[in-house]
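Each remark here refers to the structure printed beneath this line.
Protein chains: 2
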Amino acid sequence: MNPTIDLLNNHRSIRTFKEQAVSQEIINTLVTSGQAAATSSFIQACTVIQVENPQKREKLAEYAGNQKYVQSAPVFLVFCADMNRHEIACNMHNEQMKSGFTEQFITATVDCALFAQNVAIAAESLDLGVVYIGGIRNKISDVCDLLDLPKLVYPVFGMCIGYPDQEPEIKPRLPLPIVLKKDSYSNIQDSELLADYDKAIRDYYLSRSGGNKDMSWSEQIAGMLVKEARPHMLDFLQERGYLLK
Amino acid sequence: MNPTIDLLNNHRSIRTFKEQAVSQEIINTLVTSGQAAATSSFIQACTVIQVENPQKREKLAEYAGNQKYVQSAPVFLVFCADMNRHEIACNMHNEQMKSGFTEQFITATVDCALFAQNVAIAAESLDLGVVYIGGIRNKISDVCDLLDLPKLVYPVFGMCIGYPDQEPEIKPRLPLPIVLKKDSYSNIQDSELLADYDKAIRDYYLSRSGGNKDMSWSEQIAGMLVKEARPHMLDFLQERGYLLK
Numbered sequence: 001m002n003p004t005i006d007l008l009n010n011h012r013s014i015r016t017f018k019e020q021a022v023s024q025e026i027i028n029t030l031v032t033s034g035q036a037a038a039t040s041s042f043i044q045a046c047t048v049i050q051v052e053n054p055q056k057r058e059k060l061a062e063y064a065g066n067q068k069y070v071q072s073a074p075v076f077l078v079f080c081a082d083m084n085r086h087e088i089a090c091n092m093h094n095e096q097m098k099s100g101f102t103e104q105f106i107t108a109t110v111d112c113a114l115f116a117q118n119v120a121i122a123a124e125s126l127d128l129g130v131v132y133i134g135g136i137r138n139k140i141s142d143v144c145d146l147l148d149l150p151k152l153v154y155p156v157f158g159m160c161i162g163y164p165d166q167e168p169e170i171k172p173r174l175p176l177p178i179v180l181k182k183d184s185y186s187n188i189q190d191s192e193l194l195a196d197y198d199k200a201i202r203d204y205y206l207s208r209s210g211g212n213k214d215m216s217w218s219e220q221i222a223g224m225l226v227k228e229a230r231p232h233m234l235d236f237l238q239e240r241g242y243l244l245k
Numbered sequence: 001m002n003p004t005i006d007l008l009n010n011h012r013s014i015r016t017f018k019e020q021a022v023s024q025e026i027i028n029t030l031v032t033s034g035q036a037a038a039t040s041s042f043i044q045a046c047t048v049i050q051v052e053n054p055q056k057r058e059k060l061a062e063y064a065g066n067q068k069y070v071q072s073a074p075v076f077l078v079f080c081a082d083m084n085r086h087e088i089a090c091n092m093h094n095e096q097m098k099s100g101f102t103e104q105f106i107t108a109t110v111d112c113a114l115f116a117q118n119v120a121i122a123a124e125s126l127d128l129g130v131v132y133i134g135g136i137r138n139k140i141s142d143v144c145d146l147l148d149l150p151k152l153v154y155p156v157f158g159m160c161i162g163y164p165d166q167e168p169e170i171k172p173r174l175p176l177p178i179v180l181k182k183d184s185y186s187n188i189q190d191s192e193l194l195a196d197y198d199k200a201i202r203d204y205y206l207s208r209s210g211g212n213k214d215m216s217w218s219e220q221i222a223g224m225l226v227k228e229a230r231p232h233m234l235d236f237l238q239e240r241g242y243l244l245k
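Chains as they are written, first to last, in our numbering: chain L, 1 to 245; chain R, 1 to 245.
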């Protein structure tokens, strides 16, 4: 359609990077592009921590479930939902911020995600590769301690960035009629469409693994969602000043 | 730097559209680009409702706080965080999904935001303009009823899309050193940087409003955050099956 749309559709997560460094100028360009994303009521609630310190990188890789590339990637950014500076803004006007609303959690989290997706696209447009690291939420309290995050700041995810040293295949997505509905949510067709998609994903994994990974999408999802999902999260966020009301 | 980065940095919310229609082919292209975004553990937890029905559009515009462009924009999409199809996937394998975790709320919400930001960028690359509509969360229960959203599906935000009939100025963002920190969160400098930024935003509003809007960023934020923020949100989400543990 056009080069930008081709770029979007060509996204693959990159986990193996060349040693080639990424200049601070480029990192600043990426983050500036992130800032240009839409932001809810102009709150600009995203702060990025660029982690350079090797000991901190090692810790983060461990917290993320021993994802080595968190340590070795040329660049590692932690995207934090940040309402701390809004408290500063309120204090500047002798106002008491009303915090703790779930709504604020949504707006700050969405702000971060829009910001990060711009960073990812800017990076890919410069022939860099990226992978989002949700795994830092495994040990989210430890991440806060490591990066000295104050109250009302929480790390949503990390991102590794560098020049790709691999070229993974593009993973097929759900059929369009499952994800795009008109005027009303109807999932009458979904089971049937999912069955077709399951076949496509099974073929994808089989061909990619040389026959070793024999799994459909619904199987993968079912296997994952019968387990608890980071059950510490609600208590953690409430301690940070979120999701209280 | 390059055309994609220029495109990202050129983002403005567009609220006035030409009457020119946007073809279904283009809408499908945008949503397909959305699907190409990263997704947490391949959950693909975003569903888009394209709202065409004029009565539903009218209702949505009203729910969003009488934002007329929600009714009149050529295209209106509602981005829903959707874990409903994951329940279907679990049922296909006779498994009981463990739901209600705050972690799942984060992954589904972030999935939606990354998806939507790709849609926004794809749209802008085709000379369309967009504006995110968080206002649908004002009456989020009514939106669910209107669009027949099942349990475990919640509308995160809407988006108006169309050919721009206005050219607003780019709104200056926070200074880079406030949003990009190294190895550790330090906000020692932030008050001082905010004071400079406040001046820049006051000038921006003054020039844009012909002297009528005299307001800094911190003033705007303080004015907003002394009020309650959609206090119905936590109860609503818990009813939908989210944020229970």
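For each residue, glycine too, the CB sits at the ideal point set by N, CA and C.
Everything numeric in this text was worked out from a predicted model, so none of it was measured.
Check                                                                                                                : Outcome
Segments of 4+ residues assigned as alpha helix (DSSP H) that fall wholly inside the region 112-189 of chain R       : 140-146 and 176-179
Distance, Leu8/L Cα to Ser216/R Cα                                                                                   : 36 Å
Ile49/R - partner residues in DSSP beta bridges                                                                      : Lys181/L and Val78/R
Under 7 Å from the C-beta of Cys46/R: neighbouring residues of chain L                                               : Val179
Integer-rounded CB distance, given that Pro164/L should sit under 8 Å from Ile14/L                                   : 5 Å
Minimum Cβ-Cβ distance from Ala21/R to chain L less than 8 Å                                                         : no
Cross-chain neighbours of Pro231/L in chain R, by beta carbon under 7 Å                                              : Phe101 and Lys245
Cβ pair Ser240/R, Asn187/L closer than 8 Å                                                                           : The sequence given here places Arg at residue 240/R; Ser does not occur at that position. Taking 8 Å as the Cβ cut-off, Arg240/R and Asn187/L do not qualify as a contacting pair.
Beta-carbon proximity check, Ala222/L vs Glu95/R, cutoff 8 Å                                                         : yes
Supposed contact pair Leu77/R and Val48/R - C-beta distance, whole angstroms, cut 8 Å                                : 5 Å
Neighbouring residues, chain L, relative to Ser41/R (Cβ below 8 Å)                                                   : Gly134 and Met224
Presumed contact (8 Å Cβ cut-off) between Lys151/L and Leu234/R, rounded CB distance                                 : Not quite, the Cβ-Cβ distance comes to about 19 Å (not below 8 Å), so this is no contact.
Segment contact flag, the region 198-208 of chain L with the region 56-70 of chain R, C-beta cutoff 8 Å, min 3 pairs : no
Distance, Val75/L Cα to Phe17/L Cα                                                                                   : 10 Å
Ile27/L versus Tyr204/R - alpha carbon distance                                                                      : 27 Å
CB contact below 8 Å: Asn84/R versus chain L                                                                         : yes
DSSP state of Phe101/L mapped onto helix, strand, coil                                                               : coil
Close beta carbons around Ser41/L, own chain, < 8 Å, minus the five adjacent residues each side                      : Thr107
Among Lys182/L, Asp6/L, Cys90/L and Leu60/L, nearest to Leu146/L - alpha-carbon criterion                            : Leu60/L
Neighbour list for Leu149/L in chain R, Cβ cutoff strictly below 8 Å                                                 : Tyr185
Same chain only: Cβ atoms within 7 Å of Ala21/L, ignoring 5 sequence neighbours per side                             : Pro74
Opposing strand residues paired with Phe17/R [DSSP bridges]                                                          : Pro164/R
Contacts that Thr16/R makes with chain L (C-beta to C-beta distance below 9 Å)                                       : Per Cβ cutoff of 9 Å: no residues; Thr16/R is ~16 Å from chain L at best.
Straight-line gap, Gly100/L to Glu219/L (C-alpha atoms, nearest Å)                                                   : 37 Å
Nearest residue (CA-CA) to Val226/R, options Ile88/L, Asp127/L and Ser184/L                                          : Ile88/L
C-beta atoms of Asp214/L and Arg202/L nearer than 8 Å                                                                : yes
Integer Cβ distance of Phe105/L from Tyr242/L, believed to fall under 8 Å                                            : 5 Å
DSSP state of Pro231/L mapped onto helix, strand, coil                                                               : coil
Outcome for Gln55/R when other beta-carbon atoms lying within 10 angstroms are tallied against a minimum of 16       : exposed
Three-state secondary structure assigned by DSSP to Ala37/L                                                          : coil
Same chain, Cβ closer than 8 Å to Met162/L, neighbours up to 5 away in sequence not counted                          : Note that residue 162/L corresponds to Gly in the displayed sequence, not to Met. For Gly162/L, where only same-chain residues beyond five positions count, the Cβ hits under 8 Å are Ile14, Phe17, Lys18, Gln20, Val22, Ala73, Pro74, Val75, Leu128 and Gly129.
Alpha carbon of Lys246/R to alpha carbon of Gly134/L, nearest angstrom                                               : The first residue shown for chain R is 1 and the last is 245, placing residue 246/R beyond what the model contains.
Burial state of Ala120/R, where buried means 16 or more other Cβ atoms lie within 10 Å                               : buried
8 Å Cβ shell around Cys144/L - same chain, five flanking residues per side excluded                                  : Val153, Tyr154, Pro155 and Arg240
Contact set between Asp190/R and chain L, taken where Cβ atoms lie within less than 8 Å                              : Arg85 and Ile88
Neighbour list for Arg137/R in chain L, Cβ cutoff strictly below 8 Å                                                 : Glu103 and Ile106
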